[in-house]
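Peer 1:
In the UniProt record's numbering, the protein residues as written are 1 to 322.
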């Protein structure tokens, strides 16, 4: 039996995690802790090591070095008491489409060997939490995408975990379901559950997370409350230039200008250049002159005060949804 050790105030305690794939180090000495009732956002560009860190935290992947503990119990890839304390909700919906909503929840509850009476009580509680009681008898393949996302979260909740890990839970959902999911996550924290949350939507991190960790190239490059992280780019502005032309080359050229601390091509079709700069208004003529020189057509300019998106761009040199 694993005796509880480590940080007694942490639900999740990851210490000096390292994971390599061949010669590539995907996670390089990452440590993070989540307290009871805390929602922690782990943000990183694609390939930064975020998913690998999550998989090690859940005991789905063995670290090459470092330790993971949940409520003081060691987490390993083998079955053990620590894993019973974790609820993992993957980005891809993992449900049985030919079973009903209630049958799916019962199935996942039985994996944790809940007694029949406790299981039925908990299934009813979860149906209320995810607002699907009126669809309890319906097959999963009859549900909307947003409802399936909510049920996916319910499957991770049915055994009453101490730590809930949510990997991109709102990808591709309708606004109503997204709102319901965010409201639910807020309640989980208020009720004392520790939550590890990843998202590509910076506004979700700002709304939900008590603390945020930014991971880039396998290392945790910053950590703190959203307000504290925004202070890192105090007196910097974020400039969004909607444009047409060779925007990859234009963004690179902007990045070489003085007072530009981050430059990236973004937008659904790469039609925006985002910059983190000091004193955007005085720099704007230079940006427009550079666009003219590179035959880039600027269609609109927006200047925003610092926010978490600006912090991310400043620290990683990329936009979160690149």
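Using N, Cα and C, we set each Cβ at its ideal position, and we do this for glycine too.
Report, in whole angstroms, the separation of the C-beta atoms of residue 230 and residue 306, which I expect to be a contact under 8 angstroms.
Peer 2: That belief holds up - the Cβ atoms of residue 230 and residue 306 are roughly 5 angstroms apart, short of 8 angstroms.
Peer 1: Assuming contact is defined by CB atoms lying nearer than 8 angstroms, are residue 276 and residue 313 in contact in what I supplied?
Peer 2: yes
Peer 1: Quick one: Cα of residue 177 to Cα of residue 12, how far?
Peer 2: 28 angstroms
Peer 1: Using a Cβ-Cβ cutoff of less than 7 angstroms, which residues in the same chain neighbour residue 286 once the five nearest sequence positions on both sides are dropped?
Peer 2: 257
Peer 1: Using C-beta distances below 7 angstroms, list every residue in its chain close to residue 310, excluding the 5 sequence neighbours before and after it, in chain order.
Peer 2: For residue 310, where only same-chain residues beyond five positions count, the Cβ hits under 7 angstroms are 233, 236, 238 and 276.
Peer 1: Just how far apart, CA to CA, sit residue 203 and residue 209?
Peer 2: 10 angstroms
Peer 1: Indicate the three-state DSSP secondary structure (helix, strand or coil) for residue 62 in the structure shown.
Peer 2: coil
Peer 1: Taking the alpha helix (DSSP H) that residue 254 falls in, what are its first and last residues?
Peer 2: 247-255
Peer 1: Considering only C-alpha positions, which residue in the set 318, 128 and 88 is nearest to residue 273?
Peer 2: 318
Peer 1: Determine, using beta carbons only, whether residue 43 and residue 30 come nearer to each other than 8 angstroms.
Peer 2: no
Peer 1: Quick check on this structure: which residue in 19, 9 and 205 has the alpha carbon closest to the alpha carbon of residue 217?
Peer 2: 19
Peer 1: With distances taken Cα to Cα, identify the nearest neighbour of residue 46 among 294, 198 and 280.
Peer 2: Nearest to residue 46 by C-alpha distance, out of 294, 198 and 280, is 198.
Peer 1: Measuring alpha carbon to alpha carbon, tell me which residue in 85, 316 and 22 is nearest residue 213.
Peer 2: 316
Peer 1: Could you check if residue 227 is buried or exposed, using at least 16 other CB atoms within 10 Å of its CB as the buried criterion?
Peer 2: With a 10 Å radius around the Cβ and a threshold of 16 neighbouring Cβ atoms, residue 227 comes out exposed.
Peer 1: Give the DSSP-derived three-state secondary structure of residue 303 in the structure shown.
Peer 2: Residue 303 carries a strand assignment under DSSP once its states are collapsed to helix, strand and coil.
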